[in-house]
Amino acid sequence: MTPGPTASRPARTTLRAGFALLLGLLLAVLLAAPAQAAGYRYWSFWEREGSGWNYATQGPAQLRPEDGSVQGFRFAVSAEADDSAAPRSEAAFAEICEETGERAGRKRIALVLDFGTPADAPEGERPPKPRTACASVAEEASAADALAAVAPPLRYDSSAMLCAIDGYPRTGCGEQVSGEPSAGESSASPGTEESDSGSAPGGDGPSAGLLVGVGAVAVLGVAALWQSRRRRG
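Using UniProt numbering, you'd call the opening residue of the sequence shown number 1 and step up by one each time.
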């Protein structure tokens with residue numbers, strides 16, 4: 001006996017419900033996937049506090065550091081100030097300025113210059129090795145004055161944003177770049193060989209969580225389809 005339209009109605013209802021569930025779960029997984037943050041390539045400014053680095057709350061032109069302080073500059077791709085990569089050197093003031101004697105009416109400022117990794121570099125450029133320097137400057141000098149004394153040429157944009165230290169990079173200033181910010185490379189040791197890959201760590205591949213979610217949705221969809229065919233039979 002061939003089932004009539006009424007007998008096949010439960011099967012169609014189950015099939016629709018299964019596809020609705022499949023679509024809803026797929027959308028939930030895709031919407032839950034983290035959006036890729038926009039990164040910006042720029043020089044960040046830091047102050048040494050004890051054995052660690054604090055992101056400076058003033059710009060280098062406004063901050064007038066005291067004698068014996070340590071200031072740091074790091075070139076990297078970062079999304080926000082909270083995610084900025086700090087200088088990788090742990091050198092202290094005594095080590096950096098041991099060969100620069102005290103002078104009347106002058107102060108000594110230790111500077112840590114971290115030019116970043118090849119992954120952070122603009123296309124066609126390679127970052128110089130990180131280095132330190134001791135600036136002997138007038139007592140009223142700013143951090144920018146100290147930087148200009150030991151790492152010229154400096155380059156600024158029209159809004160006084162620091163764009164280049166010691167001529168690096170040759171072009172660009174705080175431009176937005178594609179891909180993941182590479183703050184994760186901040187733990188790499190200064191002066192070590194880095195990969196010449198032009199992309200930041202992390203890549204553009206799908207995350208493991210996303211793949212697992214899509215797999216689960218597929219399994220549920222197959223189960224719903226199998227159940228509908230079973231009832232129809």
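For each residue, glycine too, the CB sits at the ideal point set by N, CA and C.
Give the C-beta separation of R106 and A138 to the nearest angstrom, bearing in mind that I take them to be a contact with Cβ-Cβ under 8 Å. Yes, they are in contact, since the Cβ atoms of R106 and A138 sit about 6 Å apart, within 8 Å.
Pairwise C-alpha distance: V177 and E125: 15 Å
On a CA-only basis, which of D67, L147, I96 is nearest G59? Give me that one, please. The shortest C-alpha to C-alpha distance from G59 to any of D67, L147, I96 is the one to L147.
In the structure shown, what three-state DSSP assignment does A38 receive? Coil at A38, not helix or strand.
Quick one: grab the DSSP three-state call for E115. This sequence places Phe at residue 115; Glu is not what is there. It is coil, neither helix nor strand.
Endpoints, the beta strand (DSSP E) within which L147 is located: Taken as a continuous stretch (DSSP letters only), L147 belongs to no beta strand (DSSP E), being part of the alpha helix (DSSP H) at 143-150.
Using 8 Å as the threshold, is the C-beta distance between T117 and P127 below it? Yes, these two residues count as a Cβ contact at 8 Å.
Proximity winner among F115, V70, G50, W43, relative to S136 (alpha-carbon distances): V70
Just mark Y156 as buried or exposed, buried being the case when its beta carbon has 16 or more other beta carbons within 10 Å. exposed
Could you check the C-alpha separation between I96 and L113 for me, to the nearest Å? CA-CA distance, I96 to L113, rounds to 12 Å.
What are the partner residues of I96, as DSSP defines its beta bridges? Residue pairing from DSSP leaves I96 without any beta-bridge partner.
C-alpha distance - G72 paired with A85, whole-angstrom precision: 11 Å
Do we get a CB-CB distance below 8 Å when we pair E99 with the residues of chain D? Structure shown: chain D not included; a single protein chain is present.
Leaving out five residues before and five after A149 in sequence, what residues of the same chain have Cβ atoms less than 7 Å from its Cβ? A135, V137
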